Amino acid sequence: SALEVGALVLDPATREVTWRGEAKALSRREFTLLHAFMAETGRVFTREQLEEKLYGWGEEIGSNALEVHVHHLRRKIFPGVVQTLRGVGYVMPKELP
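Per the numbering used here, the sequence shown starts with residue 1, numbered consecutively.
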């Protein structure tokens with residue numbers, strides 16, 4: 001039941017992520033965020049939708065916390081893994097290089 005988008009593979013059962021065969025260490029929230037994007041590639045997520053996936057009810061959310069998680073995914077995997085659509089939200093392309 002692993003998710004694959006191009007050379008990016010995410011296995012929810014083992015919580016492993018590989019990019020071009022290289023294992024990537026992700027935090028719990030980075031993993032959750034990447035899983036959401038990979039489960040629905042091409043879907044545009046609003047900031048609010050992603051925050052609901054990442055944080056529990058009543059949990060304090062920093063004003064730029066989501067941007068930090070997206071930045072870390074881009075740094076750890078590659079810059080185009082998640083795209084920002086200004087004023088709309090975030091999306092993972094259906095195809096990755």
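Just so you know, even glycine gets a beta-carbon here, dropped at the ideal spot from N, CA and C.
This structure is a prediction, so every number in the text was calculated from the model and none was measured.
is_contact[residue i, chain B] using C-beta, thresh 8 Å
| i | result |
| --- | --- |
| Arg74 | Note that chain B does not occur in the displayed structure, where there is just one protein chain. |
Candidates the options, of which the one nearest residue i by Cα
| i | options | result |
| --- | --- | --- |
| Gly6 | Ala23, Trp19 and Phe45 | Trp19 |
| Leu33 | Thr46, Arg86, Glu22 and Gly21 | Thr46 |
| Val44 | Glu95, Leu50 and Val91 | Val91 |
| Glu95 | Val82, His69 and Gly87 | Val82 |
| Glu52 | Gly87, Arg29 and Thr84 | Arg29 |
| Ile77 | Gly42, Glu22 and Ser1 | Glu22 |
| Arg75 | Pro97, Leu26 and Leu50 | Leu26 |
| Leu85 | Phe31, Glu67 and Glu16 | Glu67 |
| Glu48 | Gly42, Met38 and Ala65 | Ala65 |
| Lys24 | Gly42, Leu50, Leu73 and Ala2 | Leu73 |
| Ala97 | Leu8, His71 and Leu3 | Reading off the sequence, residue 97 comes out as Pro, not Ala. Here the closest residue by C-alpha is Leu8. |
| Glu40 | Pro79, Gly87, Val88 and Leu3 | Leu3 |
N- and C-terminal bounds of the beta strand (DSSP E) containing residue i
| i | result |
| --- | --- |
| Ala23 | Glu22 to Lys24 |
Residue i - partner residues in DSSP beta bridges
| i | result |
| --- | --- |
| Gly89 | Leu85 |
| Glu16 | Asp11 |
| Glu4 | Val9 |
Where the alpha helix (DSSP H) containing residue i begins and where it ends
| i | result |
| --- | --- |
| Glu40 | No alpha helix (DSSP H) holds Glu40; DSSP gives it neither H nor E. |
Supposed close pair residue i, residue j - CB separation, criterion 8 Å
| i | j | result |
| --- | --- | --- |
| Arg15 | Phe31 | 6 Å |
Could you give the uninterrupted runs of the beta strand (DSSP E) lying entirely in the region 42-77, keeping only those of 3 residues or more? none
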